[in-house]
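See below for the structure under consideration.
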Amino acid sequence: MHFVWGGASRADAVALIETVPSARDAPPTELALHPVFRLSPFSAPPFSLPPRAVGLGFSISGRRSTYDLPVSEDISPKPDLADIRKRIDALDDEIQRLIGERAQLALDVRTSKGALEGGVDYYRPEREAQVLRRVIERNEGPLSDSVMLRLFREIMSACLAQQEPMKIAYLGPEGTFTQQAVYRQFGHSVQAIAMASIEDVFLQVQAGEADFGVVPVENSTQGMVTHTLDMFLNAEVKICAEVELRIHQHLLTHAKSLTEIERVYAHAQSLAQCKHWLRANLPEAELIAVSSNAEAARRVRTSPESAAVAGAHAAEVYGVPVLFGNIEDHVDNTTRFLVLGRALLEPSGDDKTTLLVAGADGPGALFQLLEPLARHGINMNRIESRPSRQGRWDYVFFIDVDGHVTDPNLKAAMAELEGDARMVRVLGSYPRAVLGKLPETG
């Protein structure tokens, strides 16, 4: 048998020949093997990365076959290390040039929009959601979608902050999961302002003291954050985006072992999320609820017999080591946050809408609210009732649906709702969480 391609092993050649009858029956002198290459996306100049051999093919009397078989091992020629580093340097130069060009275009966007009030006028969550979706669609590896999203998020954040960073109010103190949600949505090139309460975040946004605000609204294991919902009854703000954050709780302490820990500080919700682990591993420890996990981490900085339940970000901010990681009882523990602004957004192409509705009195009131949505084909994701604070046993409903308020079907359903309900308010039409695809590590 005649081998044209010396990189192929005999086992690979035999496997290919035995698989394809025309190869098996061909005279050995007429059979030749060849490599099957996969081109790198950077094979074109100026990068010129070599193609990668991924399989074997064969030809009979000079006719190339369409058959190929994956090889048993990487048989591509090993590149020279100095050459690899040279190409990396060339790529770095090109990446830096392109980032600079993108930053200049971001400045041009500001110029084209004229003199507006500030960064909030240039930041469009619906536009950024479209850009990030395209990042996922384009990604061919080897970096994961989550890594690519994180890289582009920070590039976009830096470009937007060239003249003046946006002010983002969030439920503090520093080191909370809400602060992580701020950076997840806006990147690190913003001014994150810690507030003492959810109410303060709403008021800062409403008064224009902050460009946007971030507040928790729902946890997958503990349910809705009712104080956030109640603030919408009177606040003049709009929902501009949602952020989903995978919550990993860690045990932070200076103690060297569990036997040294006498008490555990944590937010009440975090204690509930880790109750089985705490009961099994620290049955004698005193559990103390505090205002936030960040406050818990702050308290144990100088107390070696104490521990805190908090995230990796709090551990970093307050300098407390992680003794045990991922102690939450449910591995898919996720918190959803809302981004608050002052304007209703344009459609992004994949949106959700949140409605605040008060039904008329009488039998079938709830059915009258939901029936138009079903009849117009509107998918409802969530409904939550809260006291209206306008009378005993009087309730309002928070309803999340698919689509943008300008979509024809939703507009038609809304028109009917407004005729049947005592009150209908659009709290926001906003992009479905894109960055929720990113895994969280703390």
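Take any residue in the sequence shown, count from 1 to its spot, add 1174: that is its number in the working numbering.
Beta carbons are placed, not taken as given, at the ideal position from N, Cα and C, and that holds for glycine.
With DSSP as the reference, label V1617 as helix, strand or coil. Outside the modelled stretch of the chain, which goes from 1175 to 1616, sits residue 1617, for which no answer is possible.
Expressed to the nearest angstrom, what Euclidean distance is found between the alpha-carbon atoms of R1276 and A1548? As a working mapping, residue 1276 is identified with position 102 in the sequence shown. As a working mapping, residue 1548 is identified with position 374 in the sequence shown. Roughly 44 Å separates the two Cα atoms.
Starting from Y1297 and walking both ways along the beta strand (DSSP E), at which residues does that stretch end? As a first step, residue 1297 must be located in the sequence shown, where it is residue number 123. That residue, Y1297, is in no beta strand (DSSP E); it is neither H nor E in DSSP.
So which of A1470, R1420, R1298 has the shortest CA-CA distance to C1414? Counting from 1 along the sequence shown, the entry for residue 1414 is found at position 240. Closest option to C1414, Cα to Cα, is R1298.
Report the option in I1552, T1433, P1521 whose CA atom is closest to the CA atom of A1481. Working through the sequence shown from its first residue, we reach residue 1481 at position 307. Checking every option, the nearest Cα to that of A1481 belongs to T1433.
Assigned secondary structure, A1471 (DSSP; H/G/I helix, E/B strand, else coil): Against the sequence shown, residue 1471 aligns to sequence position 297. Residue state, collapsed to three classes: helix.
Near D1404, what residues of its chain come up, given a Cβ to Cβ distance below 7 Å and the 5 sequence neighbours on each side ignored? Looking up residue 1404 in the sequence shown gives position 230. Within the same chain, D1404 has close Cβ partners R1560.
Taking its Cβ as the centre, do 16 or more other Cβ atoms sit within 10 Å of D1117, making it buried, or is it exposed? Here the chain comprises residues numbered 1175 to 1616, so residue 1117 is not present and cannot be evaluated.
Rounded C-beta distance between V1389 and I1367? I'm assuming under 8 Å. Working through the sequence shown from its first residue, we reach residue 1389 at position 215. Working through the sequence shown from its first residue, we reach residue 1367 at position 193. Contact flag wrong, Cβ pair sits at about 13 Å.
Where A1280 and I1273 are concerned, what is the direct C-alpha to C-alpha distance, given to the nearest angstrom? Residue 1280 sits at position 106 when you count from the first residue of the sequence shown. Residue 1273 sits at position 99 when you count from the first residue of the sequence shown. Each residue's alpha carbon lies about 11 Å from the other.
Per DSSP, what kind of secondary structure is G1387 in: helix, strand or coil? Here residue 1387 corresponds to residue number 213 of the sequence shown, with the count starting at 1. Reduced to three states, the DSSP call for G1387 is strand.
In angstroms with no decimal places, state the Cα-to-Cα distance between P1220 and K1260. Looking up residue 1220 in the sequence shown gives position 46. Looking up residue 1260 in the sequence shown gives position 86. Only weak support exists for where P1220 lies, its pLDDT of 44 falling under 50; the coordinates are left without a value.
If we call anything under 7 Å between Cβ atoms a contact, is V1379 one with V1411? Numbered from its first residue, the sequence shown carries residue 1379 at position 205. Numbered from its first residue, the sequence shown carries residue 1411 at position 237. Against a cut-off of 7 Å, the Cβ pair of V1411 and V1379 comes out as a contact.
Please confirm whether P1605 and E1300 have their CB atoms less than 7 Å apart. For the purposes of this step, residue 1605 is identified with residue 431 of the sequence shown, where counting begins at 1. For the purposes of this step, residue 1300 is identified with residue 126 of the sequence shown, where counting begins at 1. Inclusion of P1605 and E1300 in the CB contact set at 7 Å is warranted, their separation being smaller than that value.
Check whether the Cβ atoms of P1347 and A1468 lie closer than 7 Å to each other. What you label residue 1347 is simply residue 173 of the sequence shown in a count that begins at 1. What you label residue 1468 is simply residue 294 of the sequence shown in a count that begins at 1. Closer than 7 Å, so yes.
My output table needs one value for V1417: the three-state DSSP class, helix, strand or coil. Locating residue 1417 in the sequence shown gives position 243, where the first residue counts as 1. Three-state result, V1417: strand.
Inter-residue spacing [alpha-carbon to alpha-carbon] between R1473 and H1424: Counted from its first residue, the sequence shown places residue 1473 at position 299. Counted from its first residue, the sequence shown places residue 1424 at position 250. Taking the straight line joining both Cα atoms gives about 15 Å.
Opposite E1558 in the DSSP bridges: which residues? To locate residue 1558, count along the sequence shown from 1; it is residue 384. The partner list for E1558 (beta bridge, DSSP) reads F1572.
Once DSSP output is grouped into helix, strand and coil, what is the label at V1379? Looking up residue 1379 in the sequence shown gives position 205. Helix, per DSSP.
Nonlocal neighbours in the same chain, by C-beta distance under 8 Å from P1495, ignoring five residues either side: The residue labelled residue 1495 in the question sits at position 321 within the sequence shown. Cβ within range, chain order: L1426, T1427, H1428, A1489.
From the DSSP output, read off the bridge partner residues of V1438. Within the sequence shown, numbered from 1, the residue matching residue 1438 stands at position 264. Answer by DSSP bridge pairing, in chain order: L1461, A1481.
Which of the three DSSP states is assigned to E1410 in this structure? Within the sequence shown, numbered from 1, the residue matching residue 1410 stands at position 236. E1410: coil per DSSP, three-state reduction.
Euclidean distance between Cα positions of L1456 and L1306: Position 282 of the sequence shown, counting from 1, holds the residue named residue 1456. Position 132 of the sequence shown, counting from 1, holds the residue named residue 1306. Approximately 43 Å between the Cα atoms of the pair.
Grouping DSSP H, G and I as helix and E and B as strand, with all else coil, what is M1617? In the structure as shown, the chain begins at 1175 and stops at 1616. Residue 1617 is therefore absent and cannot be evaluated.
C-alpha distance - R1596 paired with G1361, whole-angstrom precision: Along the sequence shown, one-based indexing puts residue 1596 at 422. Along the sequence shown, one-based indexing puts residue 1361 at 187. When rounded, the distance between both Cα atoms is 41 Å.
Are the beta-carbon atoms of T1528 and D1574 separated by less than 7 Å? Position 354 of the sequence shown holds residue 1528. Position 400 of the sequence shown holds residue 1574. Cβ distance < 7 Å, so T1528 and D1574 count as in contact.
Restricting to Cα atoms, I'd like to know which of T1476, A1586, E1418 is closest to F1351. Position 177 of the sequence shown, counted from the first residue, corresponds to residue 1351. That would be E1418, whose Cα lies nearest to the Cα of F1351.
Inter-residue Cα distance where the pair is K1526 and H1578: Taking the sequence shown and counting its residues from 1, the one referred to as residue 1526 is at position 352. Taking the sequence shown and counting its residues from 1, the one referred to as residue 1578 is at position 404. Each residue's alpha carbon lies about 6 Å from the other.
Is M1398 helix, strand or coil when you go by DSSP? Here residue 1398 is taken as the residue at index 224 of the sequence shown, counted from 1. Residue state, collapsed to three classes: strand.
Alpha carbon to alpha carbon, how far is A1517 from L1601? Give it in angstroms, no decimals. Here residue 1601 refers to the residue found at position 427 when the sequence shown is read from its first residue. Here residue 1517 refers to the residue found at position 343 when the sequence shown is read from its first residue. Distance between the alpha carbons of L1601 and A1517: 10 Å.
Proximity winner among G1551, H1550, F1571, I1552, relative to E1558 (alpha-carbon distances): What you label residue 1558 is simply residue 384 of the sequence shown in a count that begins at 1. Of G1551, H1550, F1571, I1552, the residue nearest in Cα terms is F1571.
Please classify S1331 as buried or exposed, where buried requires at least 16 other C-beta atoms within 10 Å of its C-beta. The residue given as residue 1331 occupies position 157 in the sequence shown. Under this definition S1331 is a buried residue.
Return the CA-CA distance between H1401 and I1258, expressed in angstroms with no decimal places. Here residue 1401 corresponds to residue number 227 of the sequence shown, with the count starting at 1. Here residue 1258 corresponds to residue number 84 of the sequence shown, with the count starting at 1. Between H1401 and I1258, the C-alpha separation is close to 56 Å.
Could you tell me the distance, in whole angstroms, from the CA atom of S1465 to the CA atom of E1311? By one-based count along the sequence shown, residue 1465 stands at place 291. By one-based count along the sequence shown, residue 1311 stands at place 137. If I take the Cα positions, the gap works out to 41 Å.
Tell me where the alpha helix (DSSP H) around A1585 begins and ends. Here residue 1585 is taken as the residue at index 411 of the sequence shown, counted from 1. Looking at the sequence shown, residue 1585 is not Ala but Lys. Note, K1585: alpha helix (DSSP H), 1582-1594.
For K1617 versus D1385, is the C-beta distance shorter than 7 Å? In this structure the chain extends from 1175 to 1616, so residue 1617 is not present and cannot be described.
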